[in-house]
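**Student:** So the protein lines, in turn, are chains A and B.
If you read the first sequence in the numbering used here, its first letter stands for residue 329, the second for the next number, and so on.
If you read the second sequence in the numbering used here, its first letter stands for residue 44, the second for the next number, and so on.
Here a beta-carbon is modelled for each residue, glycine too, at the ideal position from N, C-alpha and C.
Keep in mind it's a predicted model, so treat the numbers as computed, not measured.
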Amino acid sequence: MATVQLVNIKKVYPHSGETKKRKKADVSEKKTNLQITDEGVVAVQEFNLEIADKEFIVLVGPSGCGKSTTLRMVAGLEEITGGELYIDGNLMNSVAPKDRDIAMVFQNYALYPHMTVYDNMAFALKLRHMPKAEIEKKVMEAAEILDITEYLDRKPKALSGGQRQRVAIGRAIVRAPKVMLMDEPLSNLDAKLRNEMRAEIIKLRKRIDTTFIYVTHDQTEAMTLGDRIVIMRDGFVQQIGTPQEVFNHPANLFVAGFIGMPVMNFFDAELQEEAGKYFVSLGGIRVELSAEKEARLKAKGVKSQSVTLGVRPEHTDVADTGILGRVDVAEMMGSSVHLHITAEGRDVIIIVPTVDLEGSFNMGDSVHFTFNGKVAHVFSKEDDHNLEY
Amino acid sequence: MERKIRRKDGSLRSVSYAKWGYIFIVPFFLAYLIFTLVPQFLTVYNSFFENYQDGLNQVGPNYVGLDNYKTLFTPDSAGTVRIVKYVANTMIMWFAGAVPQFVIALLLAIFFTSYRLNIKGQGFFKTVIYMPNLIMAAAFSMLFFTLFSRVGPIQALLVKNGWIDASFDFFSHRITVRGMIATMNFLMWFGNTTIVLMAGIMGIDQALFESATLDGANAWQVFFRVTMPLLMPIFVYCLITAMIGGIQMFDVPQVLTKGNGAPDETTRTLVMYLNNYLTNKNYGMAGAISVIIFIVTGALGGVVYKMLVKQYKEPQRQHRRRKGDVL
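In structure tokens:
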């Protein structure tokens with residue numbers, strides 16, 4: 329239970345001798361778009377975030393975006409190159425991990441293989457010289473919450489992946505830490521177990537009532553778990569907001585494409601401003617944006633220009649007239665059909681509910697589709713930012 | 044394992060892969076049989092015979108039962124059971140070298156594998172500390188012999204500084220000769236142990252150290268509660284192989300003391316004793332000593348293994364009793 333404040337946090341991994349040599353020899357061999365300066369590779373920069381007490385924050389982004397590095401800096405496992413980290417108002421930059429009163433759940437569980445489940449969970453408490461009876465009480469409580477009481481005398485290797493993850497969580501919660509850190513805790517589990525554990529974490533969060541920082545690359549986990557989501561890319565924060573905010577009002581093209589499944593459809597379109605009203609036109613149709621959007625664009629003084637238009641598959645409707653496309657694949661999902669079509673030179677996905685659907689879609693069929701001005705997002709062609717913000 | 048393979052004409056023939064596997068390992072087993080197993084049995088067999096050369100006369104082989112073993116454990120005129128003395132010599136010198144060997148190797152292994160320290164120039168340091176292992180033991184002994192001889196540089200230096208008297212002889216004191224032998228063994232082997240222990244530590248999941256740190260463990264607690272228990276199988280392996288090597292200690296003291304175990308046989312090891320009998324072609328006594336070395340090695344190895352590994356073994360019985368749990 330604590331507030332966490334990250335002020336202008338920066339992490340630079342200095343060049344090793346080998347990297348320098350390699351850099352000179354072959355500049356083209358670059359795996360990520362992380363900024364490389366004379367100091368080294370900049371993994372995280374300009375990271376500013378205030379986490380409220382008992383808030384559940386999710387850091388999400390693709391591999392190499394700096395989310396785990398940020399979490400490890402909060403834990404004290406990575407040195408902070410620049411900026412300040414406060415926990416409950418106390419500067420933590422040079423405080424040892426063991427004195428930060430935080431617990432962490434690792435992706436690969438990190439259970440001590442030579443200790444039983446009970447000893448794993450009691451380890452931190454034993455180090456604090458807590459009386460035996462109290463340790464037992466706390467471990468039993470946590471074990472009951474996580475339904476692992478019957479495995480307490482086993483060693484981790486005699487447990488399944490899901491059970492191990494429960495133990496890892498149990499080990500963290502017995503300590504009642506100020507901040508609970510979770511580094512992709514579900515990514516080693518299969519899809520079914522992951523869904524179950526996700527629900528467990530939501531329940532657990534209500535019971536243990538502490539501040540959570542959760543790292544994942546899975547946007548579904550981010551959307552379902554977080555009070556707020558921090559979306560990162562190439563070491564920079566792209567957007568911070570509630571799941572609804574980042575879904576409905578993506579700050580830029582990257583966030584729009586990253587959040588939401590299936591991914592948002594993008595088109596090259598023209599934004600036209602006429603007498604205070606805004607229209608987007610493409611494929612022979614012209615759609616007026618909603619009054620709310622128009623007000624925001626007007627406030628920003630946005631002029632007519634070429635834009636990237638984004639419309640989510642669930643907001644795209646098959647119609648008798650509209651933009652023309654050709655069906656490539658129709659995926660039957662049960663309650664809906666995911667229609668993959670090619671239109672305006674782009675791959676487009678449309679979600680068609682099966683309730684009112686008559687007939688079927690075949691490869692090569694022509695379909696028309698349209699969208700509502702309320703759900704159209706317009707992004708700058710120059711720097712990909714959402715023109716509304 | 045048998046597999047059916049179709050011939051060109053369509054008929055099937057079976058191929059036994061297992062048979063070919065055995066054929067491939069035959070050369071090893073033949074070499075093992077001829078050069079190791081048979082000599083081992085012959086050693087035990089010889090230990091029951093009187094079989095030696097006395098001047099130009101060959102005595103035996105005559106079956107004498109356990110007489111050779113009795114002779115080994117019979118006190119000499121001074122009341123000393125020689126073999127016991129040599130076992131003690133060997134173990135003292137091994138222990139004096141092994142303690143710093145393992146302590147320093149562990150410290151270096153932890154130092155080099157620390158993700159926090161991230162030592163630079165590791166390759167260079169690893170090569171340097173491994174280097175003494177490549178030097179021949181006899182050459183090492185000759186080096187020490189020269190360094191510490193009465194006309195050597197160390198004697199001159201210490202005398203010049205007034206720390207020792209000019210009449211002091213490093214080779215006439217039990218503690219200095221044993222010290223030299225232990226130091227040489229330490230110098231020759233700590234690099235090797237460091238490299239093996241480093242490999243062991245690097246095999247431990249880094250997240251476990253991080254997790255322990257977050258759990259509130261300080262460096263010592265991480266070492267004793269996480270690193271050591273997980274390193275134990277490798278550590279025991281190093282310890283037992285070092286001990287086997289120690290019991291077989293021969294070349295360093297043999298060259299340093301020219302085979303006489305000076306002073307007063309306090310540096311004569313078991314294998315030097317064995318070598319003495321072999322030089323006289325006394326295969327009966329040499330066989331008996333070999334058997335005793337084998338027993339001592341086996342017993343000590345077993346004790347070390349039991350002491351260190353047993354406590355980290357999983358309590359499997361409890362688990363097996365439960366049924367229906369997902370394993």
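1. Return helix, strand or coil for Gln291/B, following the three-state DSSP convention.
2. Just the chain B side, please: which residues come within less than 7 Å of Ile415/A by C-beta, in chain order?
3. Hey, Arg400/A and Ala452/A: beta-carbon distance below 7 Å or not?
4. Using a Cβ cut-off of 8 Å, pull out every chain A residue sitting near Asp52/B, in sequence order please.
5. Taking all protein chains shown into account, do 16 or more other C-beta atoms lie within 10 angstroms of the C-beta of Arg674/A, making it buried, or fewer, making it exposed?
6. For chain A, check one thing: does any of its Cβ atoms lie closer than 7 Å to the Cβ of Thr156/B?
7. Evaluate contact between the segment 157-170 of chain B and the segment 214-223 of chain B, counting only Cβ atoms and requiring at least three cross-stretch pairs below 8 Å.
8. Please list the terminal residues of the continuous beta strand (DSSP E) segment that includes Arg561/A.
9. Please classify His457/A as buried or exposed, where buried requires at least 16 neighbouring CB atoms within 10 angstroms.
10. Is it right to say Lys358/A is buried, meaning 16 or more other beta carbons lie within 10 angstroms of its own, or is it exposed?
11. Looking at the C-beta of Pro425/A, does it have a partner C-beta in chain B at a distance below 7 Å?
12. Going straight from the alpha carbon of Thr237/B to that of Thr270/B, what length do you get?
13. Cβ atoms of Tyr606/A and Leu637/A: under 7 Å apart, would you say?
14. Which value, in whole angstroms, describes the spacing of the CA atoms of Asn421/A and Phe540/A?
15. Hey, would you say Ile557/A sits closer than 7 Å to Val386/A, going by beta carbons?
16. Would you be able to state if there are at least three C-beta pairs under 8 Å between the segment 626-633 of chain A and the segment 641-655 of chain A?
17. Rounded to whole angstroms, what's the CA-CA distance from Asp753/A to Val369/A? Just pull it up for me.
18. Can you check whether the C-beta of Leu351/B is within less than 7 Å of a C-beta belonging to chain A?
19. Tell me, which residues are paired with Phe707/A by DSSP?
20. How would you list, in chain order, the residues of chain A whose beta-carbon sits under 9 Å from the beta-carbon of Leu273/B?
21. Counting only C-beta atoms, is Gly259/B closer than 7 Å to chain A at any point?
22. I'd like to know if Met589/A contacts chain B, where contact means its C-beta is closer than 7 Å to some C-beta of that chain.
23. Just to confirm the assignment, what range does the beta strand (DSSP E) spanning Ser664/A have?
24. Does the beta carbon of Ala452/A sit closer than 7 Å to a beta carbon anywhere in chain B?
25. Check the Cβ of Ala250/B against every Cβ in chain A and list those closer than 7 Å, keeping chain order.
26. Relative to chain A, which residues along the segment 282-310 of chain B have a C-beta separation below 9 Å, given in chain order?
27. Can you tell me whether DSSP reads Arg56/B as helix, strand or coil?
28. Does the segment 283-294 of chain B come close enough to the segment 132-140 of chain B that 3 or more CB-CB pairs lie under 8 Å?
29. Look at the alpha carbon of Leu200/B and the alpha carbon of Gly122/B, and state the distance between them as a whole number of angstroms.
30. Just tell me which of Gly234/B, Ala131/B, Lys169/B and Trp232/B has its CA closest to the CA of Glu308/B.
31. Do you know how far the Cα of Asp248/B is from the Cα of Ile613/A?
32. With a threshold of 7 Å between beta carbons, is Leu405/A in contact with chain B?
33. Report yes if the C-beta distance between Ser396/A and Asp511/A is below 7 Å; otherwise report no.
34. With Ala431/A as the anchor, note down where its beta strand (DSSP E) starts and where it stops.
35. To the nearest angstrom, report how far apart Lys301/B and Gly64/B are at their CA atoms.
36. Spell out whether any CB of chain B is found under 7 Å from the CB atom of Leu474/A.
**Tutor:** Checking against the coordinates, here is how it stands:
1. Note: Gln291/B maps to coil in three-state DSSP.
2. For Ile415/A, none of the residues of chain B pass the 7 Å Cβ criterion, the least Cβ distance being about 13 Å.
3. Cβ atoms of Arg400/A and Ala452/A: not closer than 7 Å.
4. Within 8 Å Cβ-Cβ: nothing; Asp52/B doesn't reach chain A, min ~47 Å.
5. It counts as exposed.
6. No, because no Cβ of chain A sits closer than 7 Å to the Cβ of Thr156/B.
7. In the pairwise beta carbon analysis, the segment 157-170 of chain B is classified as not touching the segment 214-223 of chain B: fewer than three pairs are separated by under 8 Å.
8. In this chain, the beta strand (DSSP E) harbouring Arg561/A covers Arg556 to Arg561.
9. With fewer than 16 Cβ atoms within 10 Å of its Cβ, His457/A is classed as exposed.
10. The predicted position of Lys358/A is uncertain, since its pLDDT is 49 and thus under 50; a value taken from the coordinates is nonetheless stated next. Flag for Lys358/A reads exposed.
11. It does; some Cβ of chain B falls within 7 Å.
12. The straight-line gap separating the alpha-carbon atoms of Thr237/B and Thr270/B is approximately 15 Å.
13. No, Cβ-Cβ distance for Leu637/A and Tyr606/A is not below 7 Å.
14. Note on geometry: alpha-carbon atoms of Asn421/A and Phe540/A lie some 19 Å from one another.
15. Between Ile557/A and Val386/A, the CB-CB gap stays under 7 Å.
16. Here the segment 641-655 of chain A makes no contact with the segment 626-633 of chain A; the two share fewer than three CB pairs at distances below 8 Å.
17. This structure gives no information on residue 753/A, because the portion of chain A shown stretches from 329 to 717.
18. For Leu351/B, the answer is no, since every Cβ of chain A falls outside 7 Å of its Cβ.
19. The partner list for Phe707/A (beta bridge, DSSP) reads Thr636/A and Asn714/A.
20. Result: Tyr440, Pro441 and His442.
21. Answer yes: the Cβ-Cβ gap between Gly259/B and chain A drops below 7 Å somewhere.
22. No, because no Cβ of chain B sits closer than 7 Å to the Cβ of Met589/A.
23. Residues Ser664 to Ala671.
24. So yes, Ala452/A belongs to the interface.
25. The contacting residues are Phe434, Asn436 and Ala438.
26. Result list empty, no residue passes.
27. Here Arg56/B sits in strand by DSSP.
28. The answer is yes - the segment 283-294 of chain B touches the segment 132-140 of chain B, with three or more Cβ pairs under 8 Å.
29. Distance between the alpha carbons of Leu200/B and Gly122/B: 41 Å.
30. The residue from Gly234/B, Ala131/B, Lys169/B and Trp232/B with its alpha-carbon nearest to that of Glu308/B is Ala131/B.
31. CA-to-CA, the gap between Ile613/A and Asp248/B works out to about 58 Å.
32. Closer than 7 Å to some Cβ of chain B, the Cβ of Leu405/A qualifies, so yes.
33. A distance below 7 Å separates the beta carbons of Ser396/A and Asp511/A.
34. DSSP places Ala431/A inside the beta strand (DSSP E), whose first and last residues are Ile430 to Val433.
35. For Lys301/B and Gly64/B, the distance between alpha carbons rounds to 49 Å.
36. It does not; no Cβ of chain B falls within 7 Å.
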